[in-house]
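With the numbering used here, letter number 68 in the sequence shown gets 467, and the count goes up by one each step, no holes.
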Amino acid sequence: MFLQLKDSSDLVKIVDFQELIDPNTEIVHAKDQEGQEEQETETYRKDNLVFPSGEKLPRCWLDADYRTAHAA
Numbered sequence: 400m401f402l403q404l405k406d407s408s409d410l411v412k413i414v415d416f417q418e419l420i421d422p423n424t425e426i427v428h429a430k431d432q433e434g435q436e437e438q439e440t441e442t443y444r445k446d447n448l449v450f451p452s453g454e455k456l457p458r459c460w461l462d463a464d465y466r467t468a469h470a471a
């Protein structure tokens with residue numbers, strides 16, 4: 400899966416999808432998609448990532464308490 404960095408619009412390829420959807424994890428491991436050679440895996444903060452369309456990541460991927468915070 401590819402996501403985009405908010406501040407630079409560069410694409411990154413997510414290495415572990417389960418890490419991405421885990422709301423208890425603030426970072427993901429991904430590979431920058433620049434150049435033609437495979438890049439090294441780096442860590443990125445999930446709150447700095449969006450879908451290539453510009454849409455934000457689902458709240459349930461970012462906030463483990465999204466259900467209780469919404470009900471209050």
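For every residue, glycine included, the Cβ atom is placed at its ideal position computed from N, Cα and C.
query, result
"Limits of the alpha helix (DSSP H) - the one that PHE416 falls within", "416-420"
"Cross-strand partners of LEU448 (DSSP beta bridge)", "LEU404"
"Of the residues GLY434, GLU437, PRO422, THR467, the one placed nearest LYS445, counting alpha carbons only", "PRO422"
"Residue range of the beta strand (DSSP E) that includes LEU461", "Per DSSP, LEU461 belongs to no beta strand (DSSP E); it is in the alpha helix (DSSP H), 458-461."
"Residue closest to LEU419, alpha-carbon to alpha-carbon, out of ARG466, GLY434, LYS430, TRP460", "TRP460"
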